[in-house]
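Letter 59 of the sequence shown, counting from 1, is numbered 62 in this note's numbering, and no numbers are missing.
Note that CB positions come from ideal geometry on N, CA and C, so glycine has one too.
Treat the numbers as computed from the prediction; the structure is a model and nothing was measured.
Report on the structure given below.
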Amino acid sequence: MTTTRFAPSPTGYIHVGNLRTALMNYLIARKAGGTFILRIDDTDPERSKEEYVDAIKRDLEWLGLHWDKVERQSERLDRYAEAADKLREMGRFYEAFETPTELDLKRKKQLNMGKPPVYDRAALNLSDAEKDALRAERGNGVWRFKLDHERIEWTDGILGDISIDAASVSDPVLIRGDGQVLYTIASVVDDTEMGVTDVVRGSDHVTNTATQIQIIEALGGQCPRFAHHSLLTGPQGEALSKRLGTLALRDLREQGLQPMALLSLMARLGSSDPVELRSDMAELIEGFDVNRFGAAPTKFDVQDLFPLTAKHLQSLPLTDVADAVEDAGVPADLAEPFWAMARENITTLADLKGWWELCRDGAEPLIADEDREFIAEAVALLPDGPFDGETWGTWTKAVKEATGRKGKGLFMPLRKALTGMERGPEMAALLPLLQVIRARG
Ligand code: GLU
Numbered sequence: 004m005t006t007t008r009f010a011p012s013p014t015g016y017i018h019v020g021n022l023r024t025a026l027m028n029y030l031i032a033r034k035a036g037g038t039f040i041l042r043i044d045d046t047d048p049e050r051s052k053e054e055y056v057d058a059i060k061r062d063l064e065w066l067g068l069h070w071d072k073v074e075r076q077s078e079r080l081d082r083y084a085e086a087a088d089k090l091r092e093m094g095r096f097y098e099a100f101e102t103p104t105e106l107d108l109k110r111k112k113q114l115n116m117g118k119p120p121v122y123d124r125a126a127l128n129l130s131d132a133e134k135d136a137l138r139a140e141r142g143n144g145v146w147r148f149k150l151d152h153e154r155i156e157w158t159d160g161i162l163g164d165i166s167i168d169a170a171s172v173s174d175p176v177l178i179r180g181d182g183q184v185l186y187t188i189a190s191v192v193d194d195t196e197m198g199v200t201d202v203v204r205g206s207d208h209v210t211n212t213a214t215q216i217q218i219i220e221a222l223g224g225q226c227p228r229f230a231h232h233s234l235l236t237g238p239q240g241e242a243l244s245k246r247l248g249t250l251a252l253r254d255l256r257e258q259g260l261q262p263m264a265l266l267s268l269m270a271r272l273g274s275s276d277p278v279e280l281r282s283d284m285a286e287l288i289e290g291f292d293v294n295r296f297g298a299a300p301t302k303f304d305v306q307d308l309f310p311l312t313a314k315h316l317q318s319l320p321l322t323d324v325a326d327a328v329e330d331a332g333v334p335a336d337l338a339e340p341f342w343a344m345a346r347e348n349i350t351t352l353a354d355l356k357g358w359w360e361l362c363r364d365g366a367e368p369l370i371a372d373e374d375r376e377f378i379a380e381a382v383a384l385l386p387d388g389p390f391d392g393e394t395w396g397t398w399t400k401a402v403k404e405a406t407g408r409k410g411k412g413l414f415m416p417l418r419k420a421l422t423g424m425e426r427g428p429e430m431a432a433l434l435p436l437l438q439v440i441r442a443r444g
């Protein structure tokens, strides 16, 4: 059965880049009728915070990316220790004692000599006595996985055929000197034991994947299918990594962006399918195919989310936005006509408040000198209330007959006088909502 996972580290808020990963894994699982696991990668006790776990869940729930199970790595440490023992027994695990400064120096030397900066495995030559001495001096060493120096190959769901020479990669550290289990081994054990069949993650993980394939094989597990999506860049192709902090999902939510806008964009951006507003999750699942995504960096512009949000809101009936309409201060008996008038004129629900204030308080009239007389004449012709959808038509017809004005010369001064603006909602829909005029009627 298809099983995927989204595996955030709860060391911060998740952003659009994480959403891409979460969504792709979610859509694969749902399309196949499989299982979607939320895996909290919290093996780092210092940086992992409960508040981020809660925030991640809240973001996913907001987006409607419901998970079938939650797994926490911090509760599975014994499993990782077991796997480490197994690797040790097999002779695939070795202790190394270099300090970060020593490693840095080695890397610099290698680079100076034009060599790739790969760990030289000096620790493999240490005798037991030397290790004891180092341990006494420096404390426990780190544990590295001894890669087999052969080519590691897989067919990537996005990148195609990949072949990486294991000799060009450092033996990965799986356990730190202080005993902290690192992501690489924890992830491998989880993916294997949880039966994960498909892993989609960012292309910054390609080298990890190569080493993880060897670890999975050493532990006798079954390799999942891998796909690495390209990294997001800003609209000009600039690196987004530094700005991702400002693109946290919670901030986008606060800006009033709608889940369907984000999902519609992120489920197709960078693929050969067009980005357009989709009506629901089912439509996103139906048309999703990870193989249609390209390897090139994907340009992301947060501004694209606003028109998609506006379009989505336009499609909603009042029942879906009733709370927001009420929060904007609109009385219940006006909610229906108000929403019908406002929905075409908002980008986010936050804009409702302004339209309601216009209805309630009116606007500073915008009247050009040459229109003063015309406006006075028009006001005198305003029919008695109550006003309805027909009033604007009847009134402007009467004004046209009386003044001889027509077209823009007729409508624009009236709009400006009533709303203080040159454009905005349909006047026929707005007029019955204008409270001053209602009061007259
Ligand atoms: N916790 C890892 C990360 O956030 C998970 C990577 C993976 O999907 O394996 O980068």
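Query                                                                                                                                                              : Result
Could you work out which residue in A189, K109 and L268 is closest to E286 when comparing CA atoms only?                                                           : L268
Is S12 near the ligand GLU, in the sense that its beta carbon is under 8 Å from a heavy atom of that ligand?                                                       : yes
Under 9 Å, do T46 and Y16 count as touching if we go by C-beta distance?                                                                                           : no
By Cβ distance, which residues of its chain are closer than 7 Å to A25, with the 5 residues on each side in sequence left out?                                     : F9, L63 and L68
Helix, strand or coil for G117 per DSSP?                                                                                                                           : coil
So what does D201 bridge to, in DSSP terms?                                                                                                                        : R228
Report yes if the CB atom of I219 is closer than 9 Å to the CB atom of D194, and no otherwise.                                                                     : yes
Tell me which residues share the same chain as G224 and place their Cβ nearer than 6 Å to its Cβ, disregarding the 5 neighbours each side in the sequence.         : T195
In three-state DSSP terms, what is W70?                                                                                                                            : coil
Taking only runs of the beta strand (DSSP E) that begin and end inside the stretch 35 to 96, which ones reach a length of at least 3 residues, in chain order?     : 38 to 43 and 72 to 75
Regarding D44 and the ligand GLU, is the C-beta to nearest heavy atom distance less than 8 Å?                                                                      : yes
So, I349 versus L316, is the Cβ gap smaller than 9 Å?                                                                                                              : yes
Got a sec: does the ligand GLU put a non-hydrogen atom nearer than 8 Å to the Cβ of T322?                                                                          : no
Using the three-state DSSP reduction, which class does L108 fall into: helix, strand or coil?                                                                      : helix
Pick from F291, D391, R408 and G357: whose alpha carbon is nearest that of A381?                                                                                   : R408
Output the boundary residues of the beta strand (DSSP E) element that contains G182.                                                                               : First-last for G182: undefined, no H or E at that position.
Determine the direct distance from the alpha carbon of L413 to that of V366, and round the result to whole angstroms.                                              : Just to set this straight, residue 366 is Ala in the shown sequence, not Val. Cα to Cα, A366 sits roughly 19 Å from L413.
Short of 7 Å in beta carbon distance, which residues of its chain neighbour V199, apart from the five on each side in sequence? Order them along the chain.        : T6, T7, R8 and P227
Would you grab the beta carbon distance between L127 and Y97 for me? Rounded to a whole angstrom, and I think it's under 8 Å.                                      : 6 Å
Check whether the Cβ of V192 lies closer than 8 Å to any heavy atom of the ligand GLU, and answer yes or no.                                                       : no
Is it the case that the Cβ atoms of P300 and L234 are separated by a distance below 9 Å?                                                                           : yes
What would DSSP say about G163, mapped onto helix, strand or coil?                                                                                                 : strand
Under 9 Å, do A169 and L185 count as touching if we go by C-beta distance?                                                                                         : no
Helix, strand or coil: which one does DSSP assign to G444?                                                                                                         : Residue placement at G444 cannot be trusted, given a pLDDT of 46 that sits under 50; the coordinates are not used to answer.
Should M27 go down as buried or exposed, given a rule of 16 or more other Cβ atoms within 10 Å for buried?                                                         : buried
Between A99 and R147, which are expected to be in contact by the criterion C-beta below 8 Å, what is the C-beta distance as a whole number of angstroms?           : 5 Å
In three-state DSSP terms, what is L436?                                                                                                                           : helix
Is there a Cβ from chain C that is less than 9 Å from the Cβ of E78?                                                                                               : The chain inventory of the structure shown lacks chain C, comprising one protein chain alone.
Considering only their Cβ atoms, is the gap separating T399 from G259 smaller than 9 Å?                                                                            : no
Going by the DSSP bridge assignment, what does F296 pair with across the sheet?                                                                                    : S274
Which value, in whole angstroms, describes the spacing of the CA atoms of L41 and E78?                                                                             : 14 Å
Which residues in the same chain as A87 place their Cβ atom closer than 8 Å to its Cβ, once the five residues preceding and following it in sequence are excluded? : F96, W146, L177, I178, V184 and I188
Could you tell me the alpha carbon to alpha carbon distance between M4 and L255, rounded to whole angstroms?                                                       : 34 Å
Can you pull the DSSP bridge partners for W146?                                                                                                                    : E98 and I178
Thinking H232 and V202 are a contact (beta carbons under 8 Å), I'd like their distance in whole angstroms, please.                                                 : With a Cβ gap of about 11 Å, H232 and V202 do not count as contacting.
Where does N21 land, buried or exposed, given buried means 16+ other C-beta within 10 angstroms?                                                                   : buried
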